[in-house]
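What follows is a single structure, written as structure tokens, with notes after it.
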Amino acid sequence: MLPHLATVVAGLTLSALAQADNGQASATQYPLTLDNCGVPQTFAQAPERAVTIGQAGSELLYALGLGERLAGTSLWFNNVLPEFQAQNDKVERLADNEPSFEAVVAKRPQLVAVQFEWMVGAQGAVATREQFAELQIPTYLLPSDCEGKDNLVGADGTRLQPFKVQSIYKSISQLAEIFDVQARGAVLNAALQGSLQQAQQQLAGKDLTHTSALFWFSSADLALDPYVAGRQGVADFMLQTLGVRNVVESSEEWPTVGWETLAKANPTWLIIARMDRRRYPADDYRKKLEFLRSDPLTRNMDAVKQGRIIVLDADAMQAGIRLFRGLQVLSTAFASGSAAQP
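For the sequence shown, the numbering used here gives the first residue as 26, with consecutive numbering after it.
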């Protein structure tokens, strides 16, 4: 049996990572130029100061043992994972959501790692990549949010091609190369790949042909249509990996769909996001549960009546380390036919 991901990542101590660095991986040759989402980025040396805009990037760098290089973080959906708490406590949080351009620049970063293109991109909520380039600050967008995706269509972008988990492995390998810790990247990628295989193996021989699911991320207001996971995105990949059908057919990343339509689809499972942020009332998973159990439409859905509701960290529905933990949570529920209720 492959080890649980949390155990593996927790075991990646700075000492163990330092030993990995003494392995066979070749050193990075600077200046290093990488193509990142179609934009060349050049690094004269391993960054000494970095800022992250997005929890996934922050926890990737923590998992690579690079917390001491972080000068600031921002855009958090959940509290930091316990094994990264010590690293995170030493890093300033510039904002719970998007930081200002000035706050990022004030940290004099030699790298800005970005989870979502809508934060730093053509219509960036923080800035454009060109604005950072004018100050000679390299930006690194996680490939998972730009490859095969048009972020100018739909509120959270539209997938032109299915999300590929290889884009996460690519992020890790490239960040490891930028910081000259390639061996650490190889160790982390191997652990994540093993975790994915474990989640799949847990369902080996189980017939999920007629099993379906719905991801509910949040709602601008509980009286409005919810933000749910569309086809081809990260959450849909999770279901496809485990052999479960997504009842939502839109190719937008997180489209809004009416409850009448969703209730009619009657998914086998409901997967709802748990967040520590509070941008909307529905960010609170307890509000979601209360709605599902009281609304005239949703309370009659089979998943609600039979208690097949999975509460999952919001960032486990994104392209980062938590995705693999999310896969294990879903696999365990699908295998047993029941979900642990919070």
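Glycine residues also receive a C-beta, built at the ideal position from the N, C-alpha and C atoms.
Cβ-Cβ separation, A288 to T323 (assumed contact under 8 Å), whole Å: As a first step, residue 323 is located in the sequence shown; it is residue number 298 there, counting from the start. As a first step, residue 288 is located in the sequence shown; it is residue number 263 there, counting from the start. Sure, about 6 Å apart at Cβ, within 8 Å.
Excluding five sequence neighbours on each side, which residues of the same chain lie with their C-beta closer than 6 Å to the C-beta of I242? Numbered from 1 along the sequence shown, position 217 holds the residue referred to as residue 242. The sequence given here places Phe at residue 242; Ile does not occur at that position. Correct list, in chain order: Y252, W279, A298.
Considering Cα atoms alone, identify which of V178, A360, S51 is closest to F204. Locating residue 204 in the sequence shown gives position 179, counting from the first residue. Measuring from the Cα of F204, the nearest candidate turns out to be S51.
Considering just the uninterrupted stretch of the beta strand (DSSP E) at Q191, what are its terminal residues? Translated into positions along the sequence shown, residue 191 becomes position 166. Looking at the DSSP string, Q191 is not in any beta strand (DSSP E); the run it does join, the alpha helix (DSSP H), is 191-203.
Give the DSSP-derived three-state secondary structure of D121 in the structure shown. Translated into positions along the sequence shown, residue 121 becomes position 96. Note: D121 maps to coil in three-state DSSP.
Buried or exposed (CB count within 10 angstroms, at least 16 for buried), Y87: The residue labelled residue 87 in the question sits at position 62 within the sequence shown. Y87 should be labelled buried.
What residue range does the beta strand (DSSP E) around Q66 cover? For the purposes of this step, residue 66 is taken as residue 41 along the sequence shown, with counting starting at 1. Its beta strand (DSSP E) spans residues 64-68.
Am I right that V190 and L221 are in contact with their C-beta atoms under 8 Å? What's the rounded C-beta distance? Residue 190 sits at position 165 when you count from the first residue of the sequence shown. Residue 221 sits at position 196 when you count from the first residue of the sequence shown. Yes, V190 and L221 are in contact; Cβ-Cβ is about 7 Å, under 8 Å.
Mind checking which residues open and close the beta strand (DSSP E) that includes W241? What you label residue 241 is simply residue 216 of the sequence shown in a count that begins at 1. 237-243 is the span of the beta strand (DSSP E), which, as asked, contains W241.
Determine, for N61, whether the minimum Cβ-Cβ distance to residues of chain C falls below 8 Å. The chain labelled as chain C is not found in the depicted structure, where only one protein chain is given.
Taking Cβ to Cβ, would you say R154 is nearer than 8 Å to V145? Here residue 154 refers to the residue found at position 129 when the sequence shown is read from its first residue. Here residue 145 refers to the residue found at position 120 when the sequence shown is read from its first residue. Yes.
Once DSSP output is grouped into helix, strand and coil, what is the label at D60? For the purposes of this step, residue 60 is taken as residue 35 along the sequence shown, with counting starting at 1. D60 falls in the strand class under three-state DSSP.
Note the first and the last residue of the continuous beta strand (DSSP E) segment covering D170. Residue numbering aside, residue 170 sits at position 145 when the sequence shown is read from its first letter. Element bounds for D170: n/a, residue is neither H nor E.
State the DSSP-derived secondary structure class of L27, mapped to helix, strand or coil. The residue you call residue 27 lines up with position 2 of the sequence shown. Low local confidence applies: a pLDDT of 34 at L27 is under 50, so the model's placement there is unreliable, with the coordinate-based value given in what follows. The answer is coil: DSSP assigns L27 none of H, G, I, E or B.
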